[in-house]
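I have placed the structure first, in the form of structure tokens, so that the comments after it can refer back to it.
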Amino acid sequence: METAERNGKPRPDRFALIPVFRLKPEWRNASSSFRDMAADEAVRILQNETPGAAANIYITQGLNASADYFLRVRAYDLLDAQNYVKKWMGTKLGRGSELIDMMIGVSKPRHYITPERSPHLDSQLNRTSYEGGRPGFVIVIPIKKSPKWWAMPESARLSEMERHTHQSISYLPSVHRELYHCTGLDEADFITYFETNDLMGFHELVVALARIPEYEFQIPSGHNLLLGTIHSIPEAVQVLCDQDAAQQERTAAPV
Amino acid sequence: METAERNGKPRPDRFALIPVFRLKPEWRNASSSFRDMAADEAVRILQNETPGAAANIYITQGLNASADYFLRVRAYDLLDAQNYVKKWMGTKLGRGSELIDMMIGVSKPRHYITPERSPHLDSQLNRTSYEGGRPGFVIVIPIKKSPKWWAMPESARLSEMERHTHQSISYLPSVHRELYHCTGLDEADFITYFETNDLMGFHELVVALARIPEYEFQIPSGHNLLLGTIHSIPEAVQVLCDQDAAQQERTAAPV
Amino acid sequence: METAERNGKPRPDRFALIPVFRLKPEWRNASSSFRDMAADEAVRILQNETPGAAANIYITQGLNASADYFLRVRAYDLLDAQNYVKKWMGTKLGRGSELIDMMIGVSKPRHYITPERSPHLDSQLNRTSYEGGRPGFVIVIPIKKSPKWWAMPESARLSEMERHTHQSISYLPSVHRELYHCTGLDEADFITYFETNDLMGFHELVVALARIPEYEFQIPSGHNLLLGTIHSIPEAVQVLCDQDAAQQERTAAPV
Amino acid sequence: METAERNGKPRPDRFALIPVFRLKPEWRNASSSFRDMAADEAVRILQNETPGAAANIYITQGLNASADYFLRVRAYDLLDAQNYVKKWMGTKLGRGSELIDMMIGVSKPRHYITPERSPHLDSQLNRTSYEGGRPGFVIVIPIKKSPKWWAMPESARLSEMERHTHQSISYLPSVHRELYHCTGLDEADFITYFETNDLMGFHELVVALARIPEYEFQIPSGHNLLLGTIHSIPEAVQVLCDQDAAQQERTAAPV
Amino acid sequence: METAERNGKPRPDRFALIPVFRLKPEWRNASSSFRDMAADEAVRILQNETPGAAANIYITQGLNASADYFLRVRAYDLLDAQNYVKKWMGTKLGRGSELIDMMIGVSKPRHYITPERSPHLDSQLNRTSYEGGRPGFVIVIPIKKSPKWWAMPESARLSEMERHTHQSISYLPSVHRELYHCTGLDEADFITYFETNDLMGFHELVVALARIPEYEFQIPSGHNLLLGTIHSIPEAVQVLCDQDAAQQERTAAPV
């Protein structure tokens, strides 16, 4: 898994746009040859980083009532991410999709668990890495924190985040996570992003985090949780552009 | 009634997807012969377990303003359940349906009422089984629990769940129930699932559970309660694919 | 006014389905002769009790932004009520209507004000009957009660309901009321149903009930209040199926 | 400005229906001659009081994302107001409009500030009249009051309303106001209605009223605030039925 | 950047309308020549101040799930702003757009930080000006304040606003801000408006303001935060009216 943090030394502030799409009903009626062309175009765009921006694609079809897929577009300059999304929306597949949600965040260096403020946990975190193999599932949980959270003294927030980290650390070998900050850019305050092969372990992690005081400060963010599956770019595009066997039968059908 | 728990020793973690559908307006205009083909296809899929997944179908038409039916798709691997839903959505009936909600949960062994923690209630539960005959009604009540619930010490939660069990147990001969856990996979924390022939008894059970402290910890889950009817697979599919007598009259009608 | 309670000895548990409908835009374009046929069919169905179920129809057109009419379908067996709704939705008028809400409730014998628990109020209630003549207005107010209500000891709830009854009783000669219980079957806990000719008196009744503690336990129910008018079945159907004079003028008009 | 209160002695209870409309997209495509006919018809209906009912029309187009105009229909009998709304919806303009909200209220004599209960303020109110000239703006603010408000003793509510009146009185020469009661007839409890030429003064009035305790008892009403402009009937209808110069250019255009 | 405050001495009360638009799906199908005409018309209107009103245009496409662009129309008389919006909606581009939100506010002289009440901060504010160069980003955050805020004594509110100003002042060289008051005119109480080139600095400013007590008084406003990009008028119009390269390819395509 290629992530920003692992590409050598990234610049510290990196924007992410997460546009969420639903396939339009008309998409199903497109011809096979048009969909093949759409798939080629989509793969070409997703595989070749455009200047300043790169994107991943995730499938939610079959797991979500309103979304079929979402992108995670990352760029050092938000304009590049914006242009990427606009470019995607101009493609054949993008034009066959309806944009139903958008999250905006930015990655920052760790704020609480640092060598200065929490040296022991910091080094524990640094020693812990994801060992779960190529992950098959992605979960995005946007979070807003209540005024009470923000009003707490820094030391109290640090102490809660230490507890949070303590509670999480044993799950990190099987759950890869990333954090984006949103305050002022989005209705949410944070986008928590997870990849895993171990959904039950992930579920247990979230239950464990519900049992510590930090959870009491979470309020509705204006976005829904997303659970999706991770595929290679050609596979993911194929899921969206393919017609399955059932489709063959229905060629002559009126609905 | 065939349920996971009764199929010999199930693997402990079993996923359930509950996709909720509304028939599209166009569906009513499909020809009789197309609908017959759709019914055959739907019955064939529902009756034959596809590798790793099985599904039940329930009718909400006539009882619900937005939903006509829902499925409960169960699989040991969430990918198999996802593929089942996608396959359903590719069928003639699935393509005549709009997906309006989706719940995701996982069954787990009992957490509170176990031989170790609550031996008396555990053995009472084990001795109590549903005796109400083939059930005609299904009720799905998704639940989210407040941060206060999760923040309570384990012993306090155990004590509330003992009270919950105590309050429920006399109703279980006439109300079959199952529980799915959702935290981290869905906006809800739990999906409570019931089958019964005795709607008044079920109503009294829910009133009884509203009178104990556990109820104070329930908050909106992002999903609506579902009340539906249970039929054999061919009957349920027939309800959705049939045109009644009134339909005959309207053949020549302009609306 | 014919109501369940007055038909000799009713069976104690009687279900009510309240489906709420909006006329589709296409309905206005149906031909006069089609609408005449639709009206005949609708009157025939509403006037002849089908096995196990009967329904009333109420007009909200001109009083409600989204609803044009609603039914109140009553049956001893919920399946009969469900079938009635499905049958209605298959009629010409039903197919010209969009179902926009559904409430489900069940009548039960009085729980609090009984000869045993509150003999004085019970006999007062029994001596009080509606004397307002054929009522012209219907109001449906669905109610959910907060966890705090359900957590109160039975004696405290009895005492609040005695106060509620005391506050209501002087209005009952001009306001007919019925109560349906919903807990577990619907998002609401109760459907309060009123018929009256004296809207100002009804308004004063609701204000009076807002001034007692019981009101503090009411929380949003997931349904909207309905205010409608009561007509004979042929009149009500006529309101929905007729084209008024203005319609004549617009025959040649493009909008 | 003609209002109910000024037409000699009105009967004490007068109903108001406030239907809120959005022009349909198709309306813009109607021919000039059709729109001229629609304008004539609309002016004729609005200018001639039909038996028992009269209506004003207000423009929100250009000030509101979803509404283009609203009516305020007043009648001593709610049935007459209902029939007026239905008649409007059958006109050419009404059929080119979508009904998006409806408020229902009733005027009553003052409850708190009366000669008996608050003689000084009562006579102050009676001596104060609107002097702002023909008003150009209308504002409708629907209000629901919390259970805590209704639970307060009458004397405490009187004292809050005296404070409210004290806070308002200096603004009344430039802000005309009316009050409708809704409890039991609508989700709101009150519709406060204002006409003014002095929007900044009106804004300061609402700020002043936010600073007294009564404001703490206001909760969401289920309706949105409406800000509109007041015109003569022919002018208002013209705004809705006219095509501006830009329209001329676009005759040959494809969008 | 030209703003009201800098155009010599503005009249103290200036209205702003912020209509938010989504391009209709049909817009994409308009011909190149029609879109060129639409662009010319839009630029002409935006560049020439019409009597009494001027507008800016901002792009949200690619950053927002539902909005493609918004205007900020300013006028000393709200009627002029209303007429501007109506005129815009009559243009080719306006008719290709759907109005999805509208905010209404008015600028006023500073209320708390004045030479009399807070002389030190007032002169600090007056000495601080935006030095960030032509800004590329715009952020609009509508705010409603809780009854508790309004109920505080003036001195307490002053003290909170001094803290707010103290917290903000170091960010103002890189973040230009304006404030509009809405109480009584809109569901919100304030529209806070920002322009910047330094999104990370802006994010840090909002985080800093979340950490002071004033933040606890903010409640949902009924509007969403808007994040957009700032362009010259011809550029912004071009973004909305242009077809990119991908469009060329799809000329013959069926979706």
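Residue numbers (numbering that gives the first Met the number 0), protein chains in the order written: chain F, 0 to 254; chain Y, 0 to 254; chain L, 0 to 254; chain W, 0 to 254; chain C, 0 to 254. Beta carbons are placed, not taken as given, at the ideal position from N, Cα and C, and that holds for glycine.
{"Asked": "Where histidine 331 (chain C) sits in the DSSP three-state scheme", "Found": "Residue numbering for chain C in the displayed model covers 0 to 254; residue 331 (chain C) lies beyond these limits and cannot be assessed."}
{"Asked": "Paired residues, beta bridge with valine 236 (chain L) - DSSP", "Found": "Bridge partners of valine 236 (chain L): none, in fact."}
{"Asked": "Arginine 133 (chain Y) burial status per 10 Å Cβ neighbour count (16 or more: buried)", "Found": "exposed"}
{"Asked": "Contact belief for glycine 183 (chain L) with histidine 202 (chain Y) at Cβ below 8 Å, rounded distance in angstroms", "Found": "5 Å"}
{"Asked": "Distance between beta carbons of lysine 107 (chain W) and histidine 180 (chain W), contact taken as under 8 Å", "Found": "5 Å"}
{"Asked": "Per-residue burial, asparagine 28 (chain L) [other beta carbons within 10 Å of its own, 16 or more giving buried]", "Found": "exposed"}
{"Asked": "Neighbour flag for phenylalanine 216 (chain F) against chain C, beta carbons, 9 Å", "Found": "no"}
{"Asked": "Contact list for the segment 51–64 of chain Y against chain L, Cβ threshold 7 Å", "Found": "Gln60, Gly61, Leu62, Asn63, Ala64"}
{"Asked": "Lysine 23 (chain L) - DSSP class collapsed to helix/strand/coil", "Found": "coil"}
{"Asked": "Contacts of asparagine 82 (chain C) in chain W (Cβ-Cβ under 9 Å)", "Found": "Gly61"}
{"Asked": "Span of the beta strand (DSSP E), counted from its first residue to its last, around alanine 150 (chain C)", "Found": "Here alanine 150 (chain C) belongs to no beta strand (DSSP E); instead the alpha helix (DSSP H) covers 146–150."}
{"Asked": "Beta-carbon proximity check, arginine 116 (chain F) vs alanine 150 (chain Y), cutoff 9 Å", "Found": "no"}
{"Asked": "Runs of beta strand (DSSP E) lying entirely within the segment 76–104 of chain Y, each at least 3 residues, in chain order", "Found": "none"}
{"Asked": "Glycine 51 (chain F) versus F:Ser158, F:Val174, F:Asn82, F:Ser30, residue with shortest Cα-Cα distance", "Found": "F:Asn82"}
{"Asked": "Residue ranges of each alpha helix (DSSP H) within the segment 148–228 of chain W, 4 or longer", "Found": "153–167, 198–209"}
{"Asked": "Closest Cα partner of glutamine 123 (chain F) within the set F:Leu171, F:Ile138, F:Val206", "Found": "F:Leu171"}
{"Asked": "Closest Cα partner of proline 141 (chain W) within the set W:Gln217, W:Val238, W:Tyr129, W:Glu97", "Found": "W:Gln217"}
{"Asked": "Burial state of leucine 16 (chain Y) (16 or more Cβ within 10 Å)", "Found": "buried"}
{"Asked": "Contact with chain C by isoleucine 140 (chain W), beta-carbon distance below 9 Å", "Found": "yes"}
{"Asked": "Start-to-end residues for the alpha helix (DSSP H) that takes in alanine 38 (chain C)", "Found": "31–46"}
{"Asked": "Per DSSP, cross-strand counterpart(s) of alanine 52 (chain Y)", "Found": "Y:Thr49, Y:Ala74"}
{"Asked": "Proximity test, Cβ basis, 9 Å: glycine 227 (chain C) and chain W", "Found": "no"}
{"Asked": "Segment limits, alpha helix (DSSP H) that includes histidine 119 (chain C)", "Found": "118–126"}
{"Asked": "Residues sharing a beta bridge with arginine 13 (chain C), DSSP", "Found": "C:Ser106"}
{"Asked": "Any C-beta of chain D under 9 Å from that of proline 212 (chain C)", "Found": "Included in the structure are the protein chains F, Y, L, W and C, with no chain D among them."}
{"Asked": "Cutoff 7 Å; reference alanine 41 (chain W); Cβ partners in own chain excluding five residues on either side", "Found": "Thr90, Leu92, Val236"}
{"Asked": "Assumed close pair arginine 73 (chain C), phenylalanine 14 (chain C) - CB separation to whole angstroms, cut-off 8 Å", "Found": "7 Å"}
{"Asked": "Of the listed residues Y:Ile232, Y:Ser145, Y:Ser128, Y:Asp12, nearest to asparagine 109 (chain Y) (C-alpha basis)", "Found": "Residue identity differs from the one stated: residue 109 (chain Y) is arginine in this sequence, not asparagine. Of the candidates Y:Ile232, Y:Ser145, Y:Ser128, Y:Asp12, the one whose C-alpha sits nearest the C-alpha of arginine 109 (chain Y) is Y:Asp12."}
{"Asked": "Exposed unless 16 or more other CB atoms sit within 10 angstroms - verdict on alanine 339 (chain W)", "Found": "As displayed, chain W neither begins before 0 nor continues past 254, which places residue 339 (chain W) out of reach and without an answer."}
{"Asked": "Cβ-based contacts, 9 Å cut-off: residues of the segment 177–204 of chain C near chain W", "Found": "His180, Cys181, Thr182, Gly183, Leu184, Asp185, Glu186, Asp188"}
{"Asked": "Residues of the segment 136–170 of chain Y with Cβ closer than 7 Å to any Cβ of chain F, in chain order", "Found": "Pro146, Trp149, Ala150"}
{"Asked": "Sequence-distant residues of its chain with Cβ nearer than 6 Å to histidine 165 (chain C) (five each side left out)", "Found": "none"}
{"Asked": "Alpha carbon of glutamate 186 (chain C) to alpha carbon of proline 152 (chain C), nearest angstrom", "Found": "23 Å"}
{"Asked": "Under 8 Å from the C-beta of isoleucine 103 (chain L): neighbouring residues of chain Y", "Found": "Leu62, Leu226"}
{"Asked": "Residue-level contact to chain F via CB, glycine 132 (chain Y), 9 Å cutoff", "Found": "no"}
{"Asked": "Whole-angstrom distance between arginine 34 (chain W) and arginine 43 (chain W), CA atom to CA atom", "Found": "14 Å"}
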